[in-house]
Amino acid sequence: MITHNEDIAALFDQLANILEIEDANPFRIRAYRNAARTIRQLPQELSELVEQGADLSELPTIGKDLARKIVEIVHTGNLQALENETRNVPLALLQLTRLPGLGPKRVKRLFQELNIKSEDDLRKAAQAGKIHILPGFGEQTEARILEAIAAHAGEEHRVYLDVAEQVGRRLLDRILGMPGVTRATIAGSYRRRRETVGDLDILVTCQAGSPFMDRFTSDPEVLEVVSRGTTRSTVILHSGLQVDLRVLADENYGSGLHYFTGSRAHNIAIRRRAIRMGLKINEYGVFKGEKRIAGETEEQVFKAVGLPYIEPELRENRGEIEAAQRKALPRLVKQDQILGDLHCHSKASDGHNSLREMALAAKALGYRYLAITDHSSRLRIAHGLDAKRLARQLDEIDRLNEEFQGFQLLKSSEVDILEDGSLDLSDDILERLDLTVCSIHFKFDLPVEQQTDRIIRAMDHPAFNILGHPSGRLIGEREPIRLNMERLMTAARDRGCFLEVNGQPKRLDLTDTYCRMAKELGVRLALGSDAHSTEQLDYMHFCLGQARRGWLEPRDVINCLSLTDLRRLLKRA
DNA sequence: GCCGTTTTCGGCCCGACTGTTTTCAGTCG
């Protein structure tokens, strides 16, 4: 059996959670959590590193002990230390700490005093009125527990970026319209462009003494107020999205934004750096003793700890602070450097707009080119085009291109990669195309090396340019296909092929960590909205976010090239 | 349990809100 990084990280998280219930040294607990986070962000599999005999303690947050434990997990599939702990604390208890208001201390008390081990036990005890008589609990806590269980409040609930953006922008508009408000920004993982959003963190600055919090918590968009203070509130919107709102004075905007943007790991690292320099950082500013030396802007905060500005997408404590220190931060690719979109559909296959409508919309966005990549015929469900229909589309593109000034439609196709690695179009029609996006839409479950071989065989075809949505995952719906990504990327680089970063909010494929791996391996990437309508051309900014999280610069992205340079690159020598 | 521009030992980010309490522990972000 193969042990994946996620399995190892999950075991460390479980151990951390159990140790927390057992009231162990909080810093030891943090060490396990830090390690789990490191492991989840690794692009390569630890099982491979173990096989190669690599020294795992060279990884950040992994010391001698954790390196040994990782080897143990890879070899046995188990972690003895975790098994030892579960003799005292049943694993099921961990589920209970997910309920709001129930942390390790209270869960432990419930277990010891009432032998409560599951959500079911907890519900029965609460209904029987046994909870509120325990020390540290009360009537309200008991009622809240029942509510939380009924509302399935402990379940993970993350939303796609497009949904978060829609809900967030609408709410932001309302907040900006409230009296006394000077500024409002969505911070948190949304600002860092993480691939999904668990809640919206909104920072508001307003004039002193304004009754903003009353206005906000009584807004019709708000379904429920979870907590409410003078500077901080948590609410649930009708859409089900949780909003954490923080109010500060205008002069605290920079330090507040930095604090509220996170990530937590980045903030901790920055604050530790500040301590070493004899400073203290909180949301109100950077302090030297009693004296406040920065806080109005984020630039000031970074400068106070001797660093240049770090873009939000980089703030994950994945080396950005060290890079900033060395003045080696990437100059991240920006929207206005994207000269065209390399993946979209028209109504010839499963899109909603005509070629002309797609072209005009792309031109209006300032693009120089747009590749029309309707499906090939293997994908029947999407009305894929056979050679005959595609040939007619290519003729139409020729006619349309004569109308445009400074803009071109590129002749293309999203070609299915068949099970044996051949392409779903004949060579004579492939030769007429400017480029191809080649994708897998079936046989997702092949073994890892077989799936990798399939794609590399496809890349051997001289018409292969871009591997579309490489992992095929659908966030929350379908797992990624199993690939040897390092071998695949190396093969792509050696053949002059590219990998896509797909902008559909459910795909975001490649992920940020694989973008970064591609950059390190020297493979260039193609950003594609995969738009199925003119409006969805805007999805470009979603894949741009992942690209930026993956440290990509304009030179790493082929659609930053002029049309002439791009055409040259697409002709594989 | 990790880590080192003070350190191989002694630190480890920081503050707000709630509920149950009479001064704070627990939880959360």
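Heads up, the first sequence is in my numbering, so the first residue is 3 and it goes up one at a time. Note that the Cβ used here is the ideal one computed from N, Cα and C, for glycine as well.
Given the structure, does residue i come close to the ligand SAM, in the sense that its CB is under 7 Å from one of the ligand's heavy atoms?
| i | result |
| --- | --- |
| Tyr-369 | In the structure on display, the ligand SAM does not appear, and there are no ligands present to speak of. |
Tell me, please, which residues DSSP counts as bridged to residue i.
| i | result |
| --- | --- |
| Ala-533 | Cys-346 |
| Ser-378 | Leu-387 |
| Asp-596 | Given a span of 3 to 575 for the chain in the structure shown, any question on residue 596 remains unanswerable. |
| Asn-284 | Gly-287 |
| Ala-296 | Val-288 |
| Arg-480 | Leu-476 |
| Tyr-369 | Partner(s): none; Tyr-369 has no beta bridge. |
| Cys-208 | Val-183 |
| Thr-581 | The requested residue 581 is not part of the displayed model; the chain covers only 3 to 575. |
| Thr-198 | Tyr-162 |
Given a threshold of 16 other Cβ atoms within 10 Å of its Cβ, counted over all protein chains shown, does residue i qualify as buried or as exposed?
| i | result |
| --- | --- |
| Tyr-192 | buried |
| Asn-36 | buried |
| His-159 | exposed |
| Val-227 | exposed |
| Pro-507 | buried |
| Pro-310 | exposed |
| Gly-231 | exposed |
| Gly-478 | exposed |
| Ser-229 | exposed |
| His-471 | buried |
| Asp-462 | exposed |
| Leu-539 | buried |
| Lys-329 | exposed |
| Phe-113 | buried |
| Phe-444 | exposed |
| Lys-66 | exposed |
| Ala-127 | buried |
| Pro-92 | exposed |
| Asn-504 | buried |
| Ala-494 | buried |
| Gln-452 | exposed |
| Gly-79 | exposed |
| Glu-315 | buried |
| Gly-547 | buried |
| Ile-442 | buried |
| Asn-86 | exposed |
Taking 8 Å as the threshold (C-beta atoms), are residue j and residue i in contact?
| i | j | result |
| --- | --- | --- |
| Thr-513 | Arg-489 | no |
| Leu-437 | Asn-486 | no |
| Leu-243 | Val-161 | yes |
| Lys-110 | Ala-94 | no |
| Glu-121 | Gln-97 | yes |
| Leu-510 | Glu-313 | no |
| Thr-40 | Ile-64 | yes |
| Asp-352 | His-534 | yes |
| Ile-431 | Ala-460 | no |
| Glu-74 | Leu-81 | yes |
| Ser-265 | Glu-318 | yes |
| Leu-58 | Asn-7 | no |
| Glu-359 | Thr-536 | yes |
| Ala-145 | Leu-202 | no |
Counting beta carbon pairs with one atom in the stretch 236-246 and one in the stretch 287-298, are three or more of them shorter than 8 Å? No: the two stretches stay apart, fewer than three of their Cβ pairs being nearer than 8 Å.
- Okay, do the stretch 518-527 and the stretch 340-357 touch, 3+ Cβ pairs below 8 Å being the bar? no
query = Are the stretch 357-367 and the stretch 547-560 touching by the rule of at least three beta carbon pairs closer than 8 Å?
reply = no
- Task: Could you pull out every unbroken beta strand (DSSP E) segment of at least 3 residues lying fully inside the stretch 143-191, listed in chain order?
- Result: Qualifying beta strand (DSSP E) stretches, in chain order: 183-188.
Note to self: To test your reading of the DSSP string, which unbroken alpha helix (DSSP H) runs of 4 or more residues are found completely within the stretch 226-281?
What the structure shows: As far as the stretch 226-281 is concerned, its whole alpha helix (DSSP H) runs of at least 4 residues are 255-263, 266-278.
For a minimum of 4 consecutive residues, which ranges assigned as the alpha helix (DSSP H) are wholly contained in the stretch 384-472?
389-403, 429-432, 450-461
Worksheet entry | Touch test, the stretch 178-192 against the stretch 139-159, Cβ-Cβ under 8 Å, three pairs minimum | At 8 Å Cβ cutoff, the stretches do not touch.
For this session: Assess, as a yes-or-no matter, whether the stretch 325-344 is touched by the stretch 526-544 under the definition of 3 or more beta carbon pairs within less than 8 Å.
Result: The way I'd put it, the stretch 526-544 does touch the stretch 325-344; three or more beta-carbon pairs between them come closer than 8 Å.
query: Do the stretch 210-228 and the stretch 245-259 touch if we need at least three Cβ pairs shorter than 8 Å?
result: yes
* Ordered list of alpha helix (DSSP H) runs contained in the stretch 485-544, each at least 4 residues -> 487-497, 514-523
**Message:** For the structure I just gave you, are there three or more beta carbon pairs, one from the stretch 188-205 and one from the stretch 255-267, closer than 8 Å?
**Reply:** yes
Query - Length at least 4, wholly inside the stretch 102-130: the alpha helix (DSSP H) runs in chain order - result: 106-116, 121-129
Flag this pair as touching only if the stretch 319-326 and the stretch 278-286 have three or more C-beta atom pairs under 8 Å; answer yes or no. no
>> So, does the stretch 125-134 touch the stretch 444-454, judging by three or more C-beta pairs under 8 Å?
In response: no
Original post:
Between the stretch 27-36 and the stretch 88-102, do three or more beta carbon pairs fall short of 8 Å?
Top reply: By the Cβ test, the stretch 27-36 is not in contact with the stretch 88-102, since fewer than three Cβ pairs between them sit closer than 8 Å.
| request: Count the C-beta pairs between the stretch 16-31 and the stretch 48-59 that are closer than 8 Å, then say yes if the count reaches three, no if not. | output: no
* To do: Inspect the CB distances between the stretch 383-399 and the stretch 407-420 and report whether three or more fall short of 8 Å.
  => yes
Contact the stretch 265-278 vs the stretch 331-341: 3+ CB pairs below 8 Å:
Too few Cβ pairs lie closer than 8 Å, so no.
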